[in-house]
Amino acid sequence: MPRTESPTRRWIRSAVSIFKKDWHSELRTRYAISALVMFVVTTISIMVFALGSESAPADVLSGMLWVVIFFAAMSGLSRTFVTEEERGTAMTLQLLATPGAVFCGKLLFNLVLVVGVNAFTVLLYTVFLSGFVIKTFSIFFFTILLGSIGLAASSTIIAGIIAKANTKGTLYPVLSFPILLPLLLTCINGTRLAAEGAFIEEAVGEFQFLVSYIVVVITASTVLFEYIWKD
Amino acid sequence: MSLLLEAHGLKKVFNRRVIFQNISFTVQERQTLLVTGRNGSGKSTLVKILGDVLSPTEGTVVLKQASDANVGKRVDWIGLVSPYLQLYDEFSAEENLQLACAMRGLRWHADDIHALLKKVFLYERRNDAVRTFSSGMKQRMKYAFALVHRPPILILDEPTSNLDTEGIQMVKDIMREQQEQGILIVATNDLTDVETYDLQVDLNAPH
Amino acid sequence: MFKALLFAWMTAVIVLALGLPMVAQPQVWYQFPTIPALEEKARIMFFHVPTAWLSTLAFIMSMVYGIQYLRKKNLEDDIKSAAAAGLGFLFCFLATATGAIWAKFSWGTYWNWDPRQTSIFVLLLIYGAYFALRSAVEVEEKRATLAAVYSIIAAVTMPFFMFIMPRILASLHPEPILNTEGKLHMNTTMLVVFLSSLAGFTGLYYWMWKLQVKANILELNRHS
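These protein sequences, in sequence, are chains A, B and C.
Per numbering that gives the first Met the number 0, residue 0 is the first one in the first sequence, and the count goes up by one each step.
Per numbering that gives the first Met the number 0, residue 0 is the first one in the second sequence, and the count goes up by one each step.
Per numbering that gives the first Met the number 0, residue 0 is the first one in the third sequence, and the count goes up by one each step.
Okay, structure coming up:
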C-alpha cells in the first residue's frame, strides 16, 4: 500500500480531488449553476418591476444587493452536501477521505460557486438598477470578495449540518441567517461606502472585520466539522 | 507487517434499541472473520463500525501493527464492499477508480487501474458511466473500488449479491488472495460464500 | 426548602418592586428615586434586565453542556443543554417583549434598531433556529451533536454581531440613539431590589432548569 508520501500532500490531493469531483459533476449536470442563474435573474427582474420608474436611493439599493446575494447563496450552497446524502455517497466519501479534506474540498467548491454567482449578480444589478452607481470601485471589489469568502465559509458548515437533518429546504436559511447577519451588515455598509464615494481608508474597519470573521468561522468549522460528518 | 484488528466490547444502540453488545474479537493477518446473523441482526451495522464509517455507542476498534509503527487513519487500511456503498454513477468505471485513488490522496496509475478492471471483467466498459451498469456489474465495480489501494483489510458485506457464476468465482479468487496476505472479514447469511474461516461472530446468539 | 425560600424571595421582590413609592427626592429608605420621563414605568427595569441577563446565561449554559456532550457523548448532557435552551428561549422572548415596551416608554416607538434591542432579537432568532434544527433530526445522538455544533457556531459569531452593531448604527443614524439605561440613578434601595430581582430570577431559572432536566432524564432512563 503506497504510503510513502507526506500526509500533507495526500491531504491536499484528497481535498482537491473532492473539489474537482464536485465541479466536474456540476459541469455535467449543471443543476446548481442554472438554478442559481435563473434565481438571480428572476429576483432582480422582480426588483426592477417593483421599483417601476421610481429609483431607490443608493443605500437602499446597497442593502437590497445583499438580500439577493444571501438568498442566492441559500438556493445553491447546500447542494454540495445534500446531494451526497441524497445519493447515498456520503458513506463512500467517509471511506475515502478524512473529514478535514472533505470540508476543505466542499468549501473550495462553494467558494468558486459563490464568487461566480456574486460576480454575475453584481453585473446584472449594476446594469439593470440604474440608481446603483459605484463611486469607489476598490472598496466595492474587496467588499464583494471578502463577503463572498465569508459567505462561503458559513454557508458550507451550516450546509454540513442541515444535510444530516430532515427538512433540508427551509431549515438552511433559518440556521444561516443569524450566523451570517454580522457579515451581511458589514458588507451592506461597505457597499454603501463604495456607492457614496468614500476613500478606501474609511472602509478598512469593514475589511478587518470581514477578515477576522472569515478566520474565526473557518477555524471553528474545521474543528467542528468532524463531529457533524462522522455518524 | 503483522497486522492486528481488535474489537473490544462493541455496542450499538439505535434510537434506544440495542442492536448488539459485548462484541469482542481479535483478527490477525492471514485470518478470516465470518460475521453471521439474521436479517436485521446488525451485520451491516457491525461492518460499518469496523470500516470506521459509523461510531459505536460503546467499545473500541483498534488497529495494531506488531512493530508498533504508527498506524494512522484506519480508513487507509480498509477496503469495503457493501450493498450500502454507492458509487459515483455519473462518472465512468475508470473515472471512479481514479477518484477512489485521488480522494484517498494517492496517485493513480493507468496501468494498475486497467489491470484491476480486467480482473473484475469490466475493462470493456471502462469508459461507460456506472449509471448504465447492471446490478451485477455494479457489484463487480465495488470490488475494483475496494481493491484499488491494495488494502490490508478487506471487508465484504453480502459478497456474492447480484453476481452470476463468473462473478462468484471472481469473488472466491479475490477472497483467497486476501486471505494469503491480509485480513478478510465476511458478513453474510449464505455460508457457501466462504470456503474457510478462522473466527466467527454470530449476531443471533445472545450476548 | 429551596422552593419555599425562592417563592418567598420572589414574592418580596415583586411586592417591593411594584409597591415602593417613587418620589422625586427620596427622604426615607423605602422610597425609589423617580427617573425623569419614565416615572412609574421604570419599574419594568426590575423585570426586563433579569430576563435579558438570563437569556444570555442560558445560551452560554446550553453551549457548555453541548460541548460536554461532544466530548463525552452522554445524552444527559444533551438534556441539560436543551433544557437550558428552552428556558433561554422563553426568557429571551420575554426580554424582547419587555424591551420593546420599555423602548415605547423611553423613545416613543416599540422598535428602534438600537444595539441592545437588535441583539436580543438576534438571540431570539438563534434560539428559534436551534429548536428548528432539533425538531428536524430524529436520531437522538445526531440531534444532540448537530444542536451542540450549531450552538457553538452561533456563540462564536455572536461577539462579531455585538461588536459591529454600534459601528453600523452610528453610521446609519447620525444621532446615536444610545439608550440611557446605564445612566439610571438608583439609590441604595432601588439597587438592592434590583439585584434581588436579578438573583431571584436566576434562582427561578435554576429551579425550573433542574426540574426539567430531572423529568427528561427520568424519561430517558425509562425507555432504555
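In this text, a Cβ means the ideal position worked out from N, Cα and C, and glycines have one as well.
Is the beta carbon of residue i less than 7 Å from the beta carbon of residue j?
i	j	result
GLY166 (chain B)	ARG124 (chain B)	no
ASN123 (chain C)	THR95 (chain C)	The sequence shown places Leu at residue 123 (chain C), rather than the Asn named in the question. In contact: LEU123 (chain C) and THR95 (chain C) (Cβ atoms closer than 7 Å).
VAL121 (chain C)	PRO172 (chain A)	no
SER74 (chain A)	ILE156 (chain A)	no
GLY202 (chain C)	SER150 (chain C)	no
ALA143 (chain B)	LEU96 (chain B)	yes
LEU79 (chain B)	LEU94 (chain A)	yes
GLY104 (chain A)	ILE32 (chain A)	no
SER61 (chain A)	ILE187 (chain A)	yes
VAL46 (chain B)	ALA186 (chain B)	yes
LEU74 (chain C)	TRP206 (chain C)	no
ILE43 (chain C)	TRP101 (chain C)	yes
LEU145 (chain A)	VAL113 (chain A)	no
SER40 (chain B)	ASN203 (chain B)	yes
ALA162 (chain A)	ILE217 (chain A)	no
GLY196 (chain A)	THR125 (chain A)	no
VAL36 (chain A)	PHE127 (chain A)	no
Among residues of its own chain, excluding the 5 on either side of residue i, which ones have a beta-carbon nearer than 6 Å to its beta-carbon?
i	result
ALA153 (chain C)	ILE125
PRO173 (chain C)	Note that PRO173 (chain C) scores a pLDDT of 38, beneath 50, so its modelled location is shaky; the value from the coordinates is reported in the next line. Answer for PRO173 (chain C): no residue qualifies.
ALA202 (chain A)	ILE138, GLY189, LEU192
GLY130 (chain A)	SER54, ALA55, LEU60
VAL193 (chain B)	LEU33, VAL185
GLU258 (chain B)	The requested residue 258 (chain B) is not part of the displayed model; chain B covers only 0 to 206.
MET9 (chain C)	GLY199
THR31 (chain B)	GLN178, LEU183, TYR196, ASP197
TYR122 (chain B)	LEU116
ALA58 (chain C)	Note that residue 58 (chain C) is Phe in the sequence shown here, rather than Ala. Cβ neighbours of PHE58 (chain C) beyond the five flanking positions: GLY87.
Among the residues of its own chain, which have a CB less than 8 Å from the CB of residue i, if the five just before and after it don't count?
i	result
GLY181 (chain B)	LEU2, GLU28, ARG29, PRO150, PRO151, ILE152, LEU153
ILE119 (chain C)	ALA51, SER54, CYS91, ALA94, THR95, GLY98
VAL39 (chain A)	VAL67, ALA71, VAL116, PHE119, THR120, LEU123
TRP228 (chain A)	GLN93, PRO98, VAL101, PHE102, GLY159
ALA164 (chain A)	LEU170
ALA34 (chain A)	SER74, GLY75
HIS148 (chain B)	ASP75, GLY78, ALA99, CYS100, ARG103, LEU105
ASN14 (chain B)	none
Leaving out the 5 sequence neighbours to the left and right, which residues in its chain are closer than 7 Å to residue i when beta-carbon positions are compared?
i	result
VAL222 (chain A)	none
ASP201 (chain B)	THR35, GLY36
PHE45 (chain C)	ALA16, VAL192, PHE193, SER196
THR179 (chain C)	Note that THR179 (chain C) scores 46 on pLDDT, short of 50, meaning its location in the model is unreliable and no value can be drawn from it.
TYR68 (chain C)	ASP76, ASP77, SER80, ALA143, ALA147
TRP208 (chain C)	ALA82, ALA83, LEU86
THR185 (chain A)	GLU205, PHE208, LEU209
MET62 (chain C)	SER150, ILE151, ALA154
ASN109 (chain A)	LEU76, THR79, ALA151, SER154, THR155
ARG73 (chain B)	ASP51, LEU62
PRO158 (chain B)	VAL80, VAL170, VAL185, THR187, ASP192
In the DSSP assignment, find the unbroken beta strand (DSSP E) run with residue i in it and report its ends.
i	result
GLN64 (chain B)	57-64
GLU5 (chain B)	2-13
ILE184 (chain B)	182-186
VAL200 (chain B)	198-201
THR44 (chain B)	Taken as a continuous stretch (DSSP letters only), THR44 (chain B) belongs to no beta strand (DSSP E), being part of the alpha helix (DSSP H) at 42-49.
LEU33 (chain B)	31-35
For the alpha helix (DSSP H) containing residue i, name the first residue and the last one.
i	result
ASP75 (chain B)	Note, ASP75 (chain B): premise wrong, no alpha helix (DSSP H); not H, not E.
PHE200 (chain C)	187-222
ASP21 (chain A)	6-28
ASP76 (chain C)	74-106
GLN67 (chain C)	44-71
SER61 (chain A)	57-75
ARG78 (chain A)	78-86
ARG228 (chain C)	This structure cannot settle anything about residue 228 (chain C), because the visible part of chain C is limited to 0 through 223.
PHE6 (chain C)	1-18
THR25 (chain B)	Careful: THR25 (chain B) lies outside any alpha helix (DSSP H), inside the beta strand (DSSP E) at 16-27.
LEU98 (chain B)	92-102
Am I right that residue i and residue j are in contact with their C-beta atoms under 8 Å? What's the rounded C-beta distance?
i	j	result
PRO181 (chain A)	PHE160 (chain C)	5 Å
LYS137 (chain B)	LEU86 (chain B)	7 Å
ALA128 (chain B)	ASP88 (chain B)	6 Å
PRO82 (chain B)	LYS11 (chain B)	Their Cβ separation, rounded to whole angstroms, is 18 Å, which puts PRO82 (chain B) and LYS11 (chain B) out of contact at 8 Å.
GLY50 (chain B)	ILE77 (chain B)	6 Å
ALA89 (chain A)	SER13 (chain A)	Contact doesn't hold; Cβ gap of about 16 Å is too wide.
(request) Output the residue ranges of the beta strand (DSSP E) runs that lie fully inside the stretch 104-163 of chain B and measure 3 residues or longer, sorted by chain position. (result) 152-156
(request) Scan the stretch 184-217 of chain A and note each continuous alpha helix (DSSP H) run of 4 residues or more that stays entirely inside, going in chain order. (result) none
(message) Quick check for students: name the residue ranges of the alpha helix (DSSP H) that lie wholly in the stretch 94-164 of chain A, counting only runs of 4 or more.
(response) 98-127, 136-162
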